[in-house]
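This report concerns only the one structure given below.
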Amino acid sequence: MTTLIRILAAAMLAAPSATVVAATAAPATIRYIHKVEDAPGETVVSRRSGFQEALGAALARQLKRPVRFMPLPRKRMMGALEAAEGDIVCGYSPAWFKGKVDWTLPFIPTSEVLIASRRVPPPATLEDIRGKTVGTVLGFQYPQVQGRLGDGFVRDDAPSLELTLRKWQGGRFDYFLATGVTVERQFASGELDAGFSQLVISEERTGCALARKGTLRVADVNAAIDAIEKSGELTRLLRLR
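For the sequence shown, the positions run -22 to -1, 1 to 219 when mature numbering (1 follows the signal peptide of the UniProt record, and there is no 0) is used.
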């Protein structure tokens, strides 16, 4: 009997200790996926990674969790989310990035633009390029253009926007599609020469896709987004794009 009492007493003393250990366990690391270029022979992390990593770090601070960055080719990102190999991808919209994921509120301003070479008259509307070849990125969706042109949307796909730009500069086609911020960056860096014309197709805000079986919940990430918007931090982050 004395032995049994001693065993029970030891178990009672150990129980609070186990509770403390569980309560102080480290929070799960956020697995933040961002894009690397997936063109043949190219393994350089996309220049957007500066913005992506700063945004991921800001969200992690608000969520009080560590973060690990996972650079992946764009075509593998959705599969990683659906398989819960990563937790979050930011800077996309459901129309472009389709899959079985959950979405935060949109908060990153972006625009889709059509760039025309100096060899052709500046297009006034999308209808002006009906039936003409347009440089596009393989696997990427262009719902606005597809919806308005239908079969008249003639794509010439490349594995990355960088290769699309090279083909356009080489005279393969006279038009290509990109985001406005990408065009601004390419022009500022000298990759895109002056003389082109630009037609804004759409302006919207993008958000973050979350793995349904991951470690993040939409409400928590939305609260973190709201905090970095109200603090003014988002404005600073957007300058990194």
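Note that CB positions come from ideal geometry on N, CA and C, so glycine has one too. From a predicted model like this one, the values you see are computed outputs, not experimental measurements.
The three-state secondary structure of W81, taken from DSSP, is strand. Of the residues assessed, E90 falls on the buried side of the cut-off, its CB having 16 or more other CB atoms within 10 angstroms.
Per DSSP, E90 is one residue of the beta strand (DSSP E) stretching across 86 to 94. Where A205 is concerned, the enclosing alpha helix (DSSP H) starts and stops at 196 to 208. The closest CA to that of G57, considering only R133, R39, A189, is found on A189. P121 and K76 have their alpha carbons spaced roughly 12 Å apart. The residue from D152, V45, G130 with its alpha-carbon nearest to that of A4 is V45. Contact between the segment 36 to 51 and the segment 142 to 153 is absent: fewer than 3 CB-CB pairs across the two stretches fall below 8 Å.
Contact between the segment 107 to 126 and the segment 194 to 201 is not established, with fewer than three Cβ pairs separated by less than 8 Å. Residue range 158 to 167 is occupied by the alpha helix (DSSP H) that includes F165.
With a beta-carbon spacing of about 7 Å, F85 and L212 fall inside the 8 Å limit used to define contacts. Non-local beta-carbon contacts of T7 in its own chain, meaning distances under 6 Å to residues more than five positions away in sequence, involve P44, R46 in chain order.
For a cut-off of 8 Å, the C-beta gap from A202 to Q30 is around 15 Å, too long to register as a contact. DSSP lists no beta-bridge partner residue for I179. Sixteen is the threshold: since fewer than 16 other Cβ atoms of the shown chains lie within 10 Å of the Cβ of A61, the residue is exposed.
In the DSSP assignment, V98 falls outside any alpha helix (DSSP H) and carries neither an H nor an E.
For the pair G168 and L59, the Cα-to-Cα distance works out to about 35 Å. Membership of T114 in the beta strand (DSSP E) is indicated by the continuous run 111 to 115.
Counting along the chain, P121 sits inside no beta strand (DSSP E); it lies in the alpha helix (DSSP H) bounded by residues 121 to 127. In the three-state DSSP reduction, G57 falls in the helix class (H, G or I).
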